[in-house]
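Student: Using this note's numbering, you'd call the opening residue of the sequence shown number 4 and step up by one each time. I am attaching a structure below and will ask some questions about it afterwards.
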Amino acid sequence: MEGQPKLEFGDIHYKNCELYKVINRQTLPVTYSDGFYQKIITQYQDLSFLGINIPQQGYYNDISVGSITARKEPAFDKPSSYIMTFGVLEAYQRCGFGTQLFLELLKRIKLDKEIRYVYLHMWEKNEKGYKFYMRQGFEKQQYIKNYYKGIESPHCYVLVLRLYPDEDPVLPYGERDENDNVIV
Numbered sequence: 004m005e006g007q008p009k010l011e012f013g014d015i016h017y018k019n020c021e022l023y024k025v026i027n028r029q030t031l032p033v034t035y036s037d038g039f040y041q042k043i044i045t046q047y048q049d050l051s052f053l054g055i056n057i058p059q060q061g062y063y064n065d066i067s068v069g070s071i072t073a074r075k076e077p078a079f080d081k082p083s084s085y086i087m088t089f090g091v092l093e094a095y096q097r098c099g100f101g102t103q104l105f106l107e108l109l110k111r112i113k114l115d116k117e118i119r120y121v122y123l124h125m126w127e128k129n130e131k132g133y134k135f136y137m138r139q140g141f142e143k144q145q146y147i148k149n150y151y152k153g154i155e156s157p158h159c160y161v162l163v164l165r166l167y168p169d170e171d172p173v174l175p176y177g178e179r180d181e182n183d184n185v186i187v
């Protein structure tokens, strides 16, 4: 990332939550409730990563250009980290800011040696996002039909990053419907 503009990181809190909402509205296909944002600035501030805050805004020249949020939870029978939201404003994409946000998140997640996987749900129409996650080492683990509500093409992929690929095997790929029934 030498030669690319460098982000500064800051916690998401009540003073900048409106900026976080704007980033989500402009970069994600779904709309989140006020209750979700309230949890981000209260419950999710200390996400059990050794007291390190995970919800982060990325600032370039004091302008909030992107954000990433995650939480620790069990998945795939192991402690994992779930990326709840991640976006960079379009005018600032292709500048390395998404990579910087993601690598900062990964650095913080790896402080908790129990965590084995990082995963997320990604809208199937998000081609830029898919390419980004593949470059970061994620693998397609699942396809879920009708996961999202109120959007055209409501299907998603579950993408998984194995933090210790030499120790944890590739997870089997599967397809499910919105009720978690396996599709044959």
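Note that beta-carbon positions come from the ideal geometry of N, C-alpha and C, so glycine has one too. What you are looking at is a predicted structure, and each value in this text was computed from that prediction instead of being measured.
1) Output yes or no for whether 9 Å exceeds the beta carbon distance between Phe-12 and Gln-59.
2) Spell out the partners DSSP gives Leu-162 in its beta bridges.
3) Across the segment 120–127 and the segment 70–83, are there enough close Cβ pairs to call them in contact, namely three or more that are closer than 8 Å?
4) Quick one: Cα of Asn-27 to Cα of Arg-165, how far?
5) By DSSP's criteria, Ala-78 is part of a beta bridge. Which residues make up the other side?
6) Would DSSP call Thr-102 helix, strand or coil?
7) Between which two residues does the beta strand (DSSP E) harbouring Gln-41 extend?
8) Can you tell me whether DSSP reads Tyr-136 as helix, strand or coil?
9) Since Arg-179 is in the alpha helix (DSSP H), which residue starts that stretch and which ends it?
10) Buried or exposed: where does Gln-145 fall if 16 or more other Cβ atoms within 10 Å of its Cβ makes it buried?
Tutor: Short version:
1) Taking a C-beta distance under 9 Å as the contact criterion, Phe-12 and Gln-59 qualify as a contact pair.
2) Answer is Leu-123, Lys-143.
3) yes
4) Asn-27 and Arg-165 have their C-alpha atoms roughly 26 Å apart.
5) Lys-81
6) helix
7) No beta strand (DSSP E) holds Gln-41; the alpha helix (DSSP H) holding it covers 37–44.
8) helix
9) Per DSSP, Arg-179 belongs to no alpha helix (DSSP H); it is in the beta strand (DSSP E), 177–179.
10) buried
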